[in-house]
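Note sheet for the following structure.
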Amino acid sequence: MTQYQAFRVELKDRVAHVAIHRPEKINAMNAAFWDEIVDIFRWVDETDEARVVVLSGDGQHFSAGIDLQLLAQAATQLGDDVGRNADRLRRQILKLQASFNAVDECCKPVIAAIQGYCLGGAIDLIAACDMRYCTLDAQFSIKEIDMGMAADVGTLQRLPRIIGDGMMRELAYTGRMVDGREAQAIGLVNRTYADRGELTDAVQALASEIAAKSPIAIRGTKQMIRYMRDHRVDDGLEYIATWNAAMLQSADLKVAMAAHMSKQKPDFAD
Numbered sequence: 013m014t015q016y017q018a019f020r021v022e023l024k025d026r027v028a029h030v031a032i033h034r035p036e037k038i039n040a041m042n043a044a045f046w047d048e049i050v051d052i053f054r055w056v057d058e059t060d061e062a063r064v065v066v067l068s069g070d071g072q073h074f075s076a077g078i079d080l081q082l083l084a085q086a087a088t089q090l091g092d093d094v095g096r097n098a099d100r101l102r103r104q105i106l107k108l109q110a111s112f113n114a115v116d117e118c119c120k121p122v123i124a125a126i127q128g129y130c131l132g133g134a135i136d137l138i139a140a141c142d143m144r145y146c147t148l149d150a151q152f153s154i155k156e157i158d159m160g161m162a163a164d165v166g167t168l169q170r171l172p173r174i175i176g177d178g179m180m181r182e183l184a185y186t187g188r189m190v191d192g193r194e195a196q197a198i199g200l201v202n203r204t205y206a207d208r209g210e211l212t213d214a215v216q217a218l219a220s221e222i223a224a225k226s227p228i229a230i231r232g233t234k235q236m237i238r239y240m241r242d243h244r245v246d247d248g249l250e251y252i253a254t255w256n257a258a259m260l261q262s263a264d265l266k267v268a269m270a271a272h273m274s275k276q277k278p279d280f281a282d
C-alpha cells in the first residue's frame, strides 16, 4: 500500500482506516494533505475490498485545520495585479474544495471519529463525511471567522443540512467552541463517548456492521441520499426506479433472502 506523508492508511476486515498522521503539528492540513486525500479516496472508490472508511486523527487531536504555513505561502505568491491575484486564489480554493469533494463523493460510507480539536478546515472535512462520532472532550469551531475570512471549503455549504441554518450561522458568525455534548445536541455528531478507547471501539463496531451488508445496496443507498440533497422528491423517486431496475438483478438480493429464510448471516461478494 502507498506510503503517505500526511496520512496513515490501513485496510483490515473490509474497513479502510484513514488517519491524519501529523500529531506533532496537531494534524494541521499541509500541502501534502490536500493532494494525498484525493489519491486515498480514489483508492477507496476503486478497491472493492474496502467497503467503509473510518477517518480519524492520530494523537490527542483530530485536526487543527489548515496549516497556517500553507496560507502564508499562498500570500507570498500574490503580485500587484488584482485580477491575476483573484484568478490564482480562485484556482487554489477550487483545488482545496476538490479534496473534500473526494470525501463527499466517495461511493463508500465515511465515518469520522473525532477527539480533541476539530477546528476550521477540519469542520469542512467532517461535514463531507456520512456520519460523525466524538469524545465528550472534543472541541469544534468554525475558526475562519477569527482569521478574518469566510470558510470556503464546504462548511457553509454542507453544515446547514446537518445542524440547520440558524445554528450554522451562530457558529460561523461567532467562531465559538462547541464541546462533544453540545455537538450531539445540535446534531453535528451522532453520539459521544467518554474517551478515545470507547470511541474507537464503537466506530469500529459500526464500520464492521456496515461492511457486512451488501456493498451494492450500501452504494445505492448512499448515492440516493446524496442525490436527494440537491433534488426534488419526484426526481429522487425517478432516479431510484431507474437505479434499482439494474441493481435488483444483483446476486446480493438472492443471498440476503436465502440468509433471512435460513436465519444465517449473509456473506456478500466484494
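One gets this note's numbering by counting positions in the sequence shown from 1 and adding 12 to each.
In this text, a Cβ means the ideal position worked out from N, Cα and C, and glycines have one as well.
Around the beta-carbon of residue 175, 16 or more other beta-carbon atoms lie within 10 Å, marking it buried.
Between the segment 136-152 and the segment 161-176, the count of C-beta pairs closer than 8 Å reaches three or more; the two stretches touch. In the DSSP assignment, residue 157 is bridged to no other residue. For residue 226, the secondary structure class from DSSP, reduced to helix, strand or coil, is coil. Here residue 221 is exposed, its C-beta having fewer than 16 other C-beta atoms within 10 Å. Going by C-alpha positions, residue 258 is about 21 Å away from residue 243.
Pairing residue 180 with residue 107, the inter-Cα distance amounts to about 24 Å.
From the listed residues 94, 104, 236, the smallest Cα separation to residue 250 is found for 236. Short of 8 Å from the beta carbon of residue 118, and not among the five residues preceding or following it, lie these beta carbons of its own chain, in chain order: 53, 56, 57, 65. By the CB criterion at 9 Å, residue 145 and residue 204 fall inside the cutoff. Look at the beta carbons and you see the segment 220-234 not touching the segment 180-200: under three pairs across the two are nearer than 8 Å. Secondary structure at residue 72: coil, using DSSP grouped into helix, strand and coil. The continuous beta strand (DSSP E) containing residue 19 extends over residues 19-24. Partner residues in a beta bridge of residue 186, as assigned by DSSP, do not exist.
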